[in-house]
Amino acid sequence: MNDRSTIFALSSGRPPAAVAVVRLCGPRASAALESLIGRVPEPRRASLARVRDPASGEVIDEGLALWFPGPRSETGEDMAELQLHGGHAIIAALVDALVKLDGLRPAEPGEFTRRAFENGRLDLTEVEGLADLIAAETPTQRRLAFRQLKGLIGNRAEAWRQTVIEALALVEARIDFSDEADVPEELLAPALSMARRLRDDIGSALAHGGRGERLRDGLIVAIAGPPNAGKSTLLNRLARREAAIVSPYPGTTRDVIEVHLDLDGYPVTVLDTAGIRDSSDPVEREGVRRARERADAADLVLWVTDLSASGTAITENGKSLFKSEVWEVRNKTDLKAPTEHMGRGASRDTVKVNVEFTISALTGFGLDGLISNLAAFAREYFAGAESAVMTRARHREALEQAVAALDRALAEGACGREEIIAEELRSAATMLGRLTGRVDVEDILDAIFRDFCIGK
Ligand code: GDP
1 MNDRSTIFAL SSGRPPAAVA VVRLCGPRAS AALESLIGRV PEPRRASLAR VRDPASGEVI
61 DEGLALWFPG PRSETGEDMA ELQLHGGHAI IAALVDALVK LDGLRPAEPG EFTRRAFENG
121 RLDLTEVEGL ADLIAAETPT QRRLAFRQLK GLIGNRAEAW RQTVIEALAL VEARIDFSDE
181 ADVPEELLAP ALSMARRLRD DIGSALAHGG RGERLRDGLI VAIAGPPNAG KSTLLNRLAR
241 REAAIVSPYP GTTRDVIEVH LDLDGYPVTV LDTAGIRDSS DPVEREGVRR ARERADAADL
301 VLWVTDLSAS GTAITENGKS LFKSEVWEVR NKTDLKAPTE HMGRGASRDT VKVNVEFTIS
361 ALTGFGLDGL ISNLAAFARE YFAGAESAVM TRARHREALE QAVAALDRAL AEGACGREEI
421 IAEELRSAAT MLGRLTGRVD VEDILDAIFR DFCIGK
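Residue 456 is where the sequence shown ends in the working numbering, and the numbering goes up by one at each step.
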């Protein structure tokens, strides 16, 4: 561990800011403190410190210094933290002084967290929980991520893995001592019944877990309908109304515009699929294909029609486009007296419409009703999702593979080949171990840590 480099980074946000937090981690963290502030403070107590450039002796700034000796630190290694004023020149001078110190270098993105993982302070699901907590945009996402950071998923997976290992031990005892008279014949049956219970337990977590993945990404609501019905106007309205975190999907503005709404604390991503139309331009066609793909995966479609135009009922086309629930939103009510269009129904036989709204995206009429119904839809959709055991496709894949291995073990049955049962149980244990990062996960580590910011 001692040949490890000592890393440092600005862990707080972009300067200028009131305060900047610079963290150090590694074997030379205490030496760095000595050089910068002339001492190592008492562990885990903030103390006032004057930070000097070790080369010139010039004071850079005055702030707080903290010392967290390993292994009882966040990363498990020696750590130091300096809280200074968050000005560009202060940070530049400090970084300048730090790089000149022996054995110190700037941290890579996520490197502090990676060390915490390598030193066993966090398992892989907790690492992901930390990333999600930082990225959380709504209270429910925050709660889900916090529970994951605190081991919600990891502990569950680890308990499952322990059960598999117990079952495996029984089978292996049967294999190793099968010639000895005093080893009970019926070791396989209890092992298989453990495997069966486990299979059901993981299976039900899988069945209910999809909501956790969605809670992380947001419920997908697609706005669709004929050209000029007012889809973009509606999207803009929703965005403004909810003071949304408006973020056009990077690089894909020509196919799908999306806004993230926080409806009653639930994340809802609204897509404007206005770009869905036929085109001969190959670039645009690719955009259309992607738009359609995203809209197809929507949990809810708002089918917007123009009340003032003819032929705006939900069409065969609308039906063929979407598999999900569809709400009809009849727009531009301001252009017509309500009585005129009340009787005009959509051709219901072509598509299932559960809910219908009459609005004006222009004046805002009827939007409150639409928004509160969307919030209720999200609330119902996400009921119980905060305690989901999966939040990522990676979790789902590992659990599915564990279930498949358990199924293969169970298929062998009580008079089956012990070696095969053992092999499948071992494979189930490996899959569960991959969830928490206990076994061979080099290949997924880089992908996970790459998404972190520097200084975390
Ligand atoms: P899109 O093609 O479905 O995205 O439709 P747009 O949102 O671009 O709207 C098409 C036109 O209809 C624009 O000129 C809008 O200003 C207008 N529009 C949209 N909603 C309403 C509405 O509720 N009332 C009226 N009078 N005009 C609207």
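Ideal placement from N, C-alpha and C gives every residue a C-beta, glycine not left out.
Near residue i, what residues of its chain come up, given a Cβ to Cβ distance below 8 Å and the 5 sequence neighbours on each side ignored?
i: P54; result: S35, L36, A97, K100 and L101
i: T269; result: D217, G218, L219, I220, V221, E258, V259, H260 and L261
i: A32; result: T6, F8, L24, A80, L98, L101 and L104
i: R14; result: none
Could you compute how far the alpha carbon of residue i sits from the alpha carbon of residue j?
i: L410; j: L432; result: 17 Å
i: A222; j: A414; result: 50 Å
i: E316; j: E424; result: The predicted position of E316 is uncertain, since its pLDDT is 47 and thus under 50; no value can be drawn from it.
i: A428; j: L206; result: 15 Å
i: M79; j: P16; result: 24 Å
i: A422; j: R161; result: 14 Å
i: P106; j: C25; result: 10 Å
i: A385; j: V40; result: 46 Å
i: E328; j: F377; result: 15 Å
i: S5; j: E77; result: 11 Å
i: A191; j: D176; result: 15 Å
i: E81; j: A159; result: 36 Å
i: V301; j: D201; result: 33 Å
i: W303; j: H395; result: 34 Å
i: V51; j: A93; result: 10 Å
i: A295; j: D306; result: 20 Å
i: I454; j: A131; result: 12 Å
i: A224; j: M390; result: 30 Å
i: A405; j: G364; result: 55 Å
i: A29; j: V403; result: 45 Å
i: R408; j: R199; result: 11 Å
i: E457; j: L104; result: With the chain running from 1 to 456 in the structure shown, residue 457 is simply not present.
i: A9; j: L84; result: 13 Å
i: R292; j: G154; result: 36 Å
i: R211; j: E397; result: 15 Å
i: R348; j: E126; result: For R348, the predicted model reports a pLDDT of 42, less than 50, meaning its position is unreliable; a value from the coordinates is still stated below. Cα to Cα, the separation comes out at about 48 Å.
i: D115; j: L399; result: With the sequence shown as reference, residue 115 is identified as Arg, and Asp is not the correct amino acid for it. If I take the Cα positions, the gap works out to 26 Å.
i: A189; j: L170; result: 9 Å
i: A20; j: G86; result: 4 Å
Measuring only from the beta carbon, is residue i closer than 8 Å to any heavy atom that is part of the ligand GDP?
i: D462; result: Lying outside 1 to 456, the shown extent of the chain, residue 462 is not represented and no answer is given.
i: V304; result: yes
i: A361; result: yes
i: L238; result: no
i: T233; result: yes
i: A295; result: no
i: K332; result: yes
i: A229; result: yes
i: L271; result: no
i: P71; result: no
i: L335; result: yes
i: G225; result: yes
Between residue i and the rest of its own chain, which residues show a CB-CB distance below 7 Å, the 5 nearest in sequence each way excluded?
i: G437; result: F117, D123 and L124
i: L133; result: R142, A145, F146 and L149
i: A361; result: G230, T233, L234, R237 and N331
i: E137; result: I245, H260, D262 and P267
i: G369; result: F357
i: D459; result: Look at the range of the chain in this structure, 1 to 456, and you will see that residue 459 is not part of it.
i: E419; result: I175
So who's on the other strand from residue i, going by DSSP bridges?
i: N331; result: D306
i: P43; result: W67
i: C25; result: I7 and M79
i: G86; result: A17
i: D272; result: I223 and I257
i: F357; result: V329
i: L48; result: L64
i: Y266; result: L263
i: R105; result: I7
i: R300; result: Going by the sequence as given, residue 300 is Leu instead of Arg. According to DSSP, L300 bridges with V221 and E325.
i: V59; result: R52
Less than 6 Å between C-beta atoms, sequence neighbours within five positions excluded: which residues of the same chain meet that for residue i?
i: G70; result: G76, E77 and D78
i: W67; result: V40, P41, P43 and A80
i: P139; result: G265
i: A167; result: A191, M194, A195 and L425
i: S47; result: P41 and A65
i: S308; result: K332, L335 and K336
Flag residue i as yes when its Cβ comes closer than 8 Å to any non-hydrogen atom of the ligand SAM, and as no otherwise.
i: F365; result: Absence of the ligand SAM is noted for the structure shown, with the ligand GDP being the only ligands found.
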